[in-house]
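Heads up: the structure comes next, in structure tokens.
2 protein chains.
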Amino acid sequence: MLTLKHLRVIEAIHATGSITRAAARLYLTQSALSHQLVALEAHYGMPLFDRVRPMRLTAGGERLLALARDITPRIEAAERDLARLAGNPVARRLRIAVECHTCYDWLMPAMDVYRTRWPEVEMDLVGGFHADPTGLLAADRADLVIVSEAGRQRDVAFEPLFRYEMLALMASAHPLAAKRFLQAEDFAAETLITYPAPDRLLDLVRRVLKPAGVHPERRQTELTIAIVQLVASRKGLAALPAWAVAPYLERGYVVARPIRSGGLWSDLYAAVRANDAAQSWLNDFIVTLREQAFMSLPGIEPLTEAG
Amino acid sequence: MLTLKHLRVIEAIHATGSITRAAARLYLTQSALSHQLVALEAHYGMPLFDRVRPMRLTAGGERLLALARDITPRIEAAERDLARLAGNPVARRLRIAVECHTCYDWLMPAMDVYRTRWPEVEMDLVGGFHADPTGLLAADRADLVIVSEAGRQRDVAFEPLFRYEMLALMASAHPLAAKRFLQAEDFAAETLITYPAPDRLLDLVRRVLKPAGVHPERRQTELTIAIVQLVASRKGLAALPAWAVAPYLERGYVVARPIRSGGLWSDLYAAVRANDAAQSWLNDFIVTLREQAFMSLPGIEPLTEAG
DNA sequence: GATTTTGATGAAATAAAATCATGGTTCGCA
DNA sequence: TGCGAACCATGATTTTATTTCATCAAAATC
């Protein structure tokens with residue numbers, strides 16, 4: 001018999017193009033999804049996906065995807081209504097602290113989507129840098145903090161969002177562009193262009209350059225477009241999330257290369273007060289963040305609980 | 001997590017007014033449904049039904065019922081489309097053989113509903129009486145036969161529809177109306193008014209009077225309203241399904257009494273060729289029969305497989 | 001051509017759901 | 001007011017469904 005789980009599986013396989021990636025996104029094994037798909041296809045007596053890469057929906061699969069897209073929002077709306085009926089009428093205020101510049105790229109659209117779902121929740125952004133970001137939670141100055149590491153703090157719950165790759169950006173004719181990937185030493189003689197943020201928030205510095213004892217010259221600017229412009233003008237190198245550089249690569253003035261073999265991957269978590277973790281209006285915000293990120297950001301990957 | 005099963009449970013409890021009856025209709029135990037409901041209520045942190053008789057939906061339960069009514073038809077429509085995509089293009093013809101007069105009461109509305117779901121299936125009614133009704137299937141003169149007993153024939157699949165009570169009908173001032181229920185001997189001195197059908201189809205005669213050696217005077221007429229009129233005019237007694245007499249009881253000219261202690265209950269099955277049993281367009285007709293019968297007929301009960 | 005990635009599959013482990021057995025409550029009825 | 005019937009809740013057990021594990025074969029990549 002058809003279940004909602006099946007519909008989610010079909011959505012995920014279609015969205016990711018492969019059973020393996022769909023499984024990662026659903027926090028299940030590839031085997032589990034393969035079994036489910038086989039069983040569903042047997043039930044309907046027809047294939048639901050053509051086994052090509054990326055997996056392609058058959059007519060039957062299309063029909064089920066249409067069903068999923070039809071009923072999923074209805075179910076979610078009902079569950080929100082239930083949550084409203086059950087919810088204790090606590091402060092419906094959501095102060096979001098975010099320290100990474102590029103996070104705004106996906107945070108703003110996600111907030112727009114969330115606003116339509118929970119119009120009664122008033123959102124606010126807490127800017128600036130703090131020595132102890134999660135401390136903002138206990139100090140009641142924020143209700144949710146976007147962080148790059150899951151601590152083991154009592155009173156704070158860390159919800160994994162996703163992981164993304166940091167790419168080194170350089171002018172297209174730059175000598176380093178000949179390399180398959182860059183290493184710490186490659187930055188030694190260059191100028192590193194960054195956002196104006198403490199080193200602790202710059203993954204390239206914190207996790208690659210500093211451990212290798214490399215301290216390149218630095219230059220700061222606020223806007224992503226300005227960083228790209230300086231790089232294109234051969235003023236130095238930069239390191240940006242893969243999704244942030246993608247739109248600039250097609251013009252050809254800059255090129256991107258992985259950092260270290262295997263690439264430099266960063267994680268993002270949403271930290272909330274442990275007391276609030278069960279609040280559905282808060283939980284739904286985190287779900288929306290993930291959903292919108294996977295929908296709009298290329299090249300990001302699911303992140304499992306274990307930070 | 002919410003499942004479609006949960007929605008069906010809520011629908012069934014609401015439709016029947018009790019967990020016990022809902023369980024019977026879903027072919028599950030009362031315990032299974034109770035566990036499910038408790039778990040669902042725990043999940044949403046609120047009761048979904050007030051435990052009164054009949055069970056009454058809370059606001060949360062209402063919301064879930066609304067969801068169920070919203071998405072159930074969409075899911076069923078999708079599954080029909082899938083069945084059409086998968087189905088071998090066999091004869092989309094459905095010849096229905098029916099021998100019981102009162103069956104038309106619920107068969108016609110059910111056929112109307114089915115027609116909207118499977119417009120491409122051409123329905124036809126096969127009338128008349130036959131010594132071997134299920135023989136019509138093998139003889140390819142009918143594709144579905146409504147019968148009152150599940151045989152053990154190879155090549156024929158019997159699908160349970162429902163059970164109903166046969167009530168004895170008499171004029172309101174009739175002496176027998178003083179009894180709580182009637183027995184075979186009570187009919188001995190009376191005239192029995194029936195449809196013009198062979199005795200094998202008259203449950204009162206076949207299962208009560210004949211075994212007791214009681215052979216009352218007989219009179220036949222085609223229409224239910226005529227039978228009721230004759231009874232009201234003290235021309236004799238009749239036995240009709242509970243749902244068929246219900247509308248006449250409120251006027252007060254006739255009264256109905258159970259037959260034997262515990263009542264005389266009759267079963268109905270849909271018989272189809274075993275080869276056709278897996279055809280979804282045919283199966284869906286049977287599902288529609290059950291669904292419409294339970295929706296419109298008062299006092300009928302679920303019938304389990306074991307005939 | 002070697003290596004990696006991917007999907008399928010059978011067996012085993014785990015989780016979920018249903019049943020069985022039973023107890024307590026409510027309601028109708030003598 | 002006491003009895004029986006109908007009904008829901010619940011813990012223990014059984015059954016069924018789902019997931020994982022361990023592999024294999026095929027396809028894609030280098």
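From first to last, the protein sequence lines stand for chains A and B. According to our numbering, the stretch in the first sequence is residues 1 to 307, in order. According to our numbering, the stretch in the second sequence is residues 1 to 307, in order. No residue lacks a Cβ here, since even glycine has one placed at the ideal position from N, Cα and C.
Buried or exposed, going by whether 16 or more other CB atoms sit within 10 Å of the CB of B:F158? Burial check for B:F158: the Cβ neighbour count within 10 Å reaches 16 or more, so the residue is buried.
With H, G and I counted as helix, E and B as strand and the rest as coil, what does DSSP make of B:V287? When secondary structure is reduced to three states using DSSP, B:V287 falls in the helix class.
Name the residue from B:P160, B:M123, B:R95 whose alpha carbon lies nearest to the alpha carbon of B:L136. Scanning B:P160, B:M123, B:R95 for the CA closest to the CA of B:L136 turns up B:R95.
Please decide whether A:D50 counts as near chain B, where near means a Cβ-Cβ distance under 8 Å. For A:D50, not one C-beta of chain B is nearer than 8 Å to its own C-beta.
Indicate whether at least one CB of chain B lies closer than 8 Å to the CB of A:I317. In the structure displayed, chain A extends from 1 to 307; residue 317 of chain A sits before or after that span and is not available.
By the 7 Å beta-carbon criterion, what residues does the segment 21-45 of chain B contribute toward chain A? Result list: Y44, G45.
To the nearest angstrom, how far is it from the Cα of A:W129 to the Cα of A:P198? As written in the sequence, residue 129 of chain A is Phe, which differs from the Trp given in the question. Distance between the alpha carbons of A:F129 and A:P198: 8 Å.
Between A:V147 and A:H101, what straight-line distance do the alpha-carbon atoms span, to the nearest angstrom? Straight-line spacing of the CA atoms in A:V147 and A:H101 works out to 12 Å.
Rank A:I225, A:R163, A:R93 by C-alpha distance to the C-alpha of A:Y253 and give the top, closest one. Among A:I225, A:R163, A:R93, the Cα nearest to that of A:Y253 is on A:I225.
N-terminal and C-terminal residue of the beta strand (DSSP E) that B:D267 is part of: 264-273 is the extent of the beta strand (DSSP E) around B:D267.
Can you tell me whether DSSP reads A:P73 as helix, strand or coil? Helix, per DSSP.
B:L223, buried or exposed, once every other Cβ within 10 Å from all chains shown has been counted against 16: By the neighbour-count rule (16 or more Cβ atoms within 10 Å), B:L223 is not buried but exposed.
Per DSSP, what are the beta-bridge partners of B:V228 in this structure? In the DSSP output, where bridge partners are listed per residue, B:V228 has none listed.
My guess is that B:L182 and B:I259 are in contact by the Cβ rule of under 8 Å, so how many angstroms apart are they, rounded? That belief holds up - the Cβ atoms of B:L182 and B:I259 are roughly 5 Å apart, short of 8 Å.
Measuring straight from C-alpha to C-alpha, what distance separates B:P119 and B:K235? Looking at the two C-alpha atoms, the distance is approximately 45 Å.
Excluding five sequence neighbours on each side, which residues of the same chain lie with their C-beta closer than 8 Å to the C-beta of B:R141? Hits under 8 Å: R95, A97, V126.
Mapping the DSSP letters down to three states, classify A:D143 as helix, strand or coil. Per DSSP, reduced to three states, the secondary structure at A:D143 is coil, with no helix or strand assignment.
Can you grab the Cα-Cα spacing for the pair B:V9 / B:D284, in whole Å? So the alpha carbons of these two residues sit roughly 20 Å apart.
Beta-carbon gap between A:A168 and A:A239 smaller than 8 Å: Yes, they are a contact pair.
By the criterion of Cβ-Cβ separation under 8 Å, what are the contact partners of A:I75 in chain B? What A:I75 touches in chain B: L2, L67, I71.
Close Cβ partners of B:S233 (< 8 Å) along its chain, the five nearest in sequence each way excluded: Correct list, in chain order: A171.
Locate the beta strand (DSSP E) running through B:M166, then write down its first and last residues. First-last of the beta strand (DSSP E) with B:M166: 156-171.
Going along chain A, which residues have a C-beta under 8 Å from B:R63? Listed by position along chain A, the residues whose Cβ is nearer than 8 Å to that of B:R63 are A78, D81, L82, L85.
DSSP three-state call for B:A15: helix, strand or coil? In the three-state DSSP reduction, B:A15 falls in the helix class (H, G or I).
Same chain only: Cβ atoms within 8 Å of A:E122, ignoring 5 sequence neighbours per side: For A:E122, where only same-chain residues beyond five positions count, the Cβ hits under 8 Å are R92, R93, L94.
Using alpha carbons as the reference points, say which of A:P54, A:R163, A:G45, A:I13 lies closest to A:G299. It is A:R163 whose Cα lies nearest to the Cα of A:G299.
Please confirm if B:G151 has its CB atom under 8 Å from at least one CB of chain A. Chain A, which has no Cβ nearer than 8 Å to the Cβ of B:G151, makes this no.
State whether the segment 75-90 of chain A contacts the segment 9-22 of chain B, with contact taken as three or more CB pairs (one from each stretch) at a distance under 8 Å. The segment 75-90 of chain A, when compared against the segment 9-22 of chain B, does not touch it at the 8 Å Cβ threshold.
Cα-Cα, which of B:L28, B:K179, B:D105, B:A138 is closest to B:M310? Residue 310 of chain B lies beyond the residue range present for chain B, which begins at 1 and ends at 307; the question has no answer from this structure.
Taking A:G236 as the query, report the chain B residues whose CB atoms sit under 9 Å from its CB, ordered along the chain. The contacting residues do not exist; A:G236 stays about 50 Å from chain B at best.
Proximal residues of chain B, C-beta to C-beta of A:A274 below 9 Å: None at all; the shortest Cβ gap to chain B is about 18 Å.
In chain A, which residues lie with their C-beta within 9 Å of the C-beta of B:G60? In chain order: D81, L82, L85, A86.
Helix, strand or coil at B:A239 [DSSP, three-state]: Correct three-state label for B:A239: strand.
Check whether the Cβ atoms of A:A138 and A:D155 lie closer than 8 Å to each other. For A:A138 and A:D155, yes; Cβs fall inside 8 Å.
Are the beta-carbon atoms of B:L67 and A:R74 separated by less than 8 Å? Yes, the Cβ-Cβ distance between B:L67 and A:R74 is below 8 Å.
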